[in-house]
Amino acid sequence: MSLVTEATTRPAENFRVTRSRRNVAWTGAGALAVVVVLAMFPYIVYSGTTAILVQAFIVLTLASMWNLLAGYAGLVSVGQQAFVGLGAYFVLILALHGTSPFAALPVAAILSGVAALPLWWLVSRLRTGYFAIATWVLAATVMLIIEKFSSIGGGTGMPLPGLAGFSPALLTAYTYWAGLAVTVVALLVIYLLLRGRLGLVLTAVRDDEVAARSSGARVGLARMLVFMVAGAGCGAAGAVLAISQLQVQPSAVFSVQWTAVMAFATIIGGLGTIEGPIIGTAVYMVLQQTLSSYNAWYLIILGLIAIFVALFARRGLWGLVDEHLNVRLFPVGYWLRTGQRSAAPSGLRSEKRGTSARATREDSA
Amino acid sequence: MAWVNAIIQGVLIGGLYALFACGLSLMFGVMKVVNLAHGDLAVVAGYVAIGVITVTHIPVLWSFLIVVPLMAVLGYVLQRTILQGALDRSVLTTLMVTFGLSVVIENGLLQFFTANSRGIGTGLALVTGSFTIGSQIQIGYLPVTIFAVAVVVLLGLQYFLSRSKYGRLIRAVADDKEAAQLAGADYRHVFGIAAAIAFGTVALAGIAYGMYSQLSPTTGTDIILLFAFAAVVIGGLGSLWGTLLGGVVLGVAQQIGAQINISDETLAGFIVFLAVLVLRPQGLISRGAQS
Numbered sequence: 001m002s003l004v005t006e007a008t009t010r011p012a013e014n015f016r017v018t019r020s021r022r023n024v025a026w027t028g029a030g031a032l033a034v035v036v037v038l039a040m041f042p043y044i045v046y047s048g049t050t051a052i053l054v055q056a057f058i059v060l061t062l063a064s065m066w067n068l069l070a071g072y073a074g075l076v077s078v079g080q081q082a083f084v085g086l087g088a089y090f091v092l093i094l095a096l097h098g099t100s101p102f103a104a105l106p107v108a109a110i111l112s113g114v115a116a117l118p119l120w121w122l123v124s125r126l127r128t129g130y131f132a133i134a135t136w137v138l139a140a141t142v143m144l145i146i147e148k149f150s151s152i153g154g155g156t157g158m159p160l161p162g163l164a165g166f167s168p169a170l171l172t173a174y175t176y177w178a179g180l181a182v183t184v185v186a187l188l189v190i191y192l193l194l195r196g197r198l199g200l201v202l203t204a205v206r207d208d209e210v211a212a213r214s215s216g217a218r219v220g221l222a223r224m225l226v227f228m229v230a231g232a233g234c235g236a237a238g239a240v241l242a243i244s245q246l247q248v249q250p251s252a253v254f255s256v257q258w259t260a261v262m263a264f265a266t267i268i269g270g271l272g273t274i275e276g277p278i279i280g281t282a283v284y285m286v287l288q289q290t291l292s293s294y295n296a297w298y299l300i301i302l303g304l305i306a307i308f309v310a311l312f313a314r315r316g317l318w319g320l321v322d323e324h325l326n327v328r329l330f331p332v333g334y335w336l337r338t339g340q341r342s343a344a345p346s347g348l349r350s351e352k353r354g355t356s357a358r359a360t361r362e363d364s365a
Numbered sequence: 001m002a003w004v005n006a007i008i009q010g011v012l013i014g015g016l017y018a019l020f021a022c023g024l025s026l027m028f029g030v031m032k033v034v035n036l037a038h039g040d041l042a043v044v045a046g047y048v049a050i051g052v053i054t055v056t057h058i059p060v061l062w063s064f065l066i067v068v069p070l071m072a073v074l075g076y077v078l079q080r081t082i083l084q085g086a087l088d089r090s091v092l093t094t095l096m097v098t099f100g101l102s103v104v105i106e107n108g109l110l111q112f113f114t115a116n117s118r119g120i121g122t123g124l125a126l127v128t129g130s131f132t133i134g135s136q137i138q139i140g141y142l143p144v145t146i147f148a149v150a151v152v153v154l155l156g157l158q159y160f161l162s163r164s165k166y167g168r169l170i171r172a173v174a175d176d177k178e179a180a181q182l183a184g185a186d187y188r189h190v191f192g193i194a195a196a197i198a199f200g201t202v203a204l205a206g207i208a209y210g211m212y213s214q215l216s217p218t219t220g221t222d223i224i225l226l227f228a229f230a231a232v233v234i235g236g237l238g239s240l241w242g243t244l245l246g247g248v249v250l251g252v253a254q255q256i257g258a259q260i261n262i263s264d265e266t267l268a269g270f271i272v273f274l275a276v277l278v279l280r281p282q283g284l285i286s287r288g289a290q291s
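Line by line, the protein sequences give chains A and B.
Using the numbering used here, read the first sequence as starting at 1 and increasing by one per residue.
Using the numbering used here, read the second sequence as starting at 1 and increasing by one per residue.
Structure follows, in structure tokens:
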């Protein structure tokens with residue numbers, strides 16, 4: 001709105017709309033370099049390190065998906081462990097039929113995304129808190145149903161077949177690359193989705209649902225799509241989990257702790273930014289590794305930090321970084337650039353908020 | 001006859017589920033807060049009761065007199081501090097904060113009291129005793145007592161909300177807190193009182209479950225929160241009688257499920273919950289039965 005009125009009162013050449021303040025090519029090249037270096041890790045570092053990084057990839061994928069749900073679509077799901085478990089079980093089932101677990105991984109991810117459709121239909125009518133608990137009940141129900149099939153291990157689970165042919169070193173490397181690939185694809189998909197139409201609709205819905213609906217945004221469809229993508233992403237992470245653990249155990253893959261981990265990492269890192277979950281995952285991994293000998297303490301501490309951040313620093317750690325440096329690694333919104341940037345008055349700042357990218361990373365109050 | 005027995009047991013356990021649900025329902029109805037830590041707080045109450053009984057050697061039933069007021073005070077304090085803080089920000093924040101609380105409490109219990117499950121007052125005549133009807137139906141004194149307590153609590157709550165001066169205040173604040181504020185009501189304080197009442201029922205539910213079965217750190221989410229929510233949805237949001245009906249339907253579904261296959265008890269309850277969600281999302285008793 002304000003963009004339109006602005007355009008009529010100012011000379012057109014005085015401002016333009018861009019994705020980012022700095023050159024996107026640089027951050028893109030940087031991201032590519034990071035991925036290439038990470039891909040070479042199995043040749044450089046010990047297998048203990050890659051095993052920890054596989055965990056980090058799983059957490060980052062999960063957190064990014066939870067961020068897409070809660071930070072962009074306003075859907076606080078406490079039942080994402082349903083998809084972690086489904087992904088793991090799809091890999092197990094395919095492996096039991098002779099498929100290599102690595103080949104089964106993408107199929108498992110897609111199947112998890114498809115499975116999200118009927119589950120979405122069950123819970124889509126509910127909002128906020130009721131949606132949260134209903135997804136939790138769904139996850140419990142999915143686990144109880146899967147435990148009924150003794151051919152896939154029943155209540156105790158079973159080891160994942162099809163991995164005996166790999167030498168330990170090769171298996172570690174393949175698992176690592178699988179985890180890396182899943183994470184990169186997940187981040188890329190989220191980035192592209194949010195840059196596109198879907199991101200625009202979600203931002204509009206978050207700012208004002210009624211206005212978005214009346215302007216023709218198909219809110220239900222957008223939310224459904226997000227739920228399916230998150231289902232596929234969490235399924236992929238679950239598949240990597242199954243491969244890295246070499247077994248599938250229902251109480252482990254369907255544990256609500258997965259949702260706790262993804263929610264805490266996202267909240268601490270910064271809800272509603274793609275960068276947030278990355279920082280949150282780093283915090284999570286550091287805490288988990290340093291406190292690993294103290295059982296559940298890392299979760300208690302993470303939970304307390306998450307509560308604190310949710311209350312007092314709502315944009316998380318990335319919000320603090322962004323506030324001071326104005327950096328966006330993954331620009332998904334728009335910036336309004338004016339001719340006289342140095343002289344930009346504070347009023348202009350608030351206009352930017354109203355029109356564009358600024359809004360993208362504010363949490364969905 | 002086994003089926004009749006299953007239905008009777010289901011109805012009685014439904015009272016316990018309604019007791020689980022009424023705190024959740026009250027907090028949502030008044031503050032629009034869905035407290036994801038609801039079940040874990042019930043477990044905390046149960047653990048406190050066990051602690052009080054072990055330390056002071058008071059009769060088991062007296063523990064209610066200590067734990068319920070204690071939890072009510074905790075409810076008031078929690079509402080006035082963390083929950084109100086979250087509410088002032090957004091609904092999503094309340095979810096994240098209560099989910100955080102849930103995970104912290106559950107893992108804290110796990111850390112300090114291990115994963116072992118523990119019961120309350122096992123050996124008490126009320127807990128172990130039962131009477132029989134005919135040859136097949138055996139009814140425990142405890143489930144009957146819990147059912148009676150649940151009905152009394154729901155009746156009391158209903159009466160309190162619809163008749164008393166404070167109940168009117170709570171309903172006014174629930175309807176429109178700004179308008180109530182303008183009329184001189186301190187809505188934050190009223191929210192605190194509502195939370196105190198809700199936490200009192202949570203304490204009752206936790207201790208009752210500890211007597212009926214066993215409490216462990218994961219009971220709070222796996223059983224209490226999920227069953228409470230299922231009961232609320234089956235019965236219909238915002239109706240206290242619906243909550244009782246929802247609890248009973250859930251209990252009967254579980255007992256019938258267990259009758260078919262002993263391991264399907266929980267699953268049968270959830271399937272009925274999902275069926276209601278799809279076929280009658282407004283619940284069995286729709287809004288309007290009670291504000």
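Backbone N, C-alpha and C define an ideal beta-carbon position, used for all residues, glycine too.
Please read all numbers here as calculations on a predicted model, not as lab measurements.
Residue i - DSSP class collapsed to helix/strand/coil
i      : result
P250/A : helix
L215/B : strand
P331/A : coil
T114/B : coil
G316/A : helix
M158/A : strand
G196/A : coil
Q254/B : helix
G98/A  : coil
Nearest-angstrom Cβ-Cβ length linking residue i and residue j, presumed shorter than 8 angstroms
i      : j     : result
A239/A : G87/A : 4 angstroms
F254/A : G85/A : 4 angstroms
Nearest candidate by alpha-carbon position, reference residue i, set the options
i      : options                           : result
V226/A : A252/A, T128/A and M65/A          : M65/A
A173/A : I52/A, I300/A and A115/A          : I52/A
S102/B : L94/A, L241/A and T259/A          : T259/A
F64/B  : I193/B, I262/B, D175/B and G210/B : G210/B
L142/B : V276/B, P281/B and Q9/B           : Q9/B
A132/A : V205/A, A70/A and G199/A          : A70/A
M223/A : T99/A, F90/A, T128/A and Q55/A    : One point to set straight first is that residue 223/A is Arg, not Met, in the sequence displayed. Nearest C-alpha to R223/A: T128/A.
V321/A : I268/A, R197/A and V189/A         : I268/A
D40/B  : L267/B, G242/B, T218/B and I256/B : T218/B
L244/B : M1/B, V4/B and L24/B              : L24/B
S117/B : Q214/B, Y76/B, H57/B and A205/B   : Q214/B
S100/A : I300/A, A217/A, L119/A and L246/A : L246/A
E275/A : A31/A, V123/A and G153/A          : A31/A
Contacts that residue i makes with chain E (C-beta to C-beta distance below 9 angstroms)
i     : result
A86/B : Here the protein chains are A and B, and chain E is not one of them.
Beta carbon proximity, residue i to chain B, threshold 8 angstroms
i      : result
I133/A : yes
A296/A : yes
T281/A : no
I146/A : no
A343/A : For A343/A, the predicted model reports a pLDDT of 41, less than 50, meaning its position is unreliable; a value from the coordinates is still stated below. Closer than 8 angstroms: no.
G231/A : no
T273/A : no
T360/A : Here the model assigns T360/A a pLDDT of 40, short of 50, so the residue's position is not dependable, and the following value carries that caveat. Taking Cβ atoms only, chain B never reaches closer than 8 angstroms to T360/A, which makes this a no.
A140/A : yes
Y130/A : yes
W318/A : no
Closer than 8 angstroms to chain A by CB, residue i
i      : result
M211/B : no
G283/B : no
T266/B : yes
M31/B  : no
G108/B : yes
V77/B  : no
Q259/B : no
G14/B  : no
T219/B : no
A194/B : no
V97/B  : yes
R280/B : no
V248/B : no
Sufficient close CB pairs (3 or more, under 8 angstroms) joining the region 5 to 23 of chain B to the region 220 to 228 of chain B: yes
Validate contact between the region 281 to 297 of chain A and the region 239 to 252 of chain A using beta carbons, cut 8 angstroms, 3 pairs: no
Stretch-stretch touch, CB-based, cutoff 8 angstroms, three pairs: the region 89 to 100 of chain A with the region 284 to 295 of chain A: no
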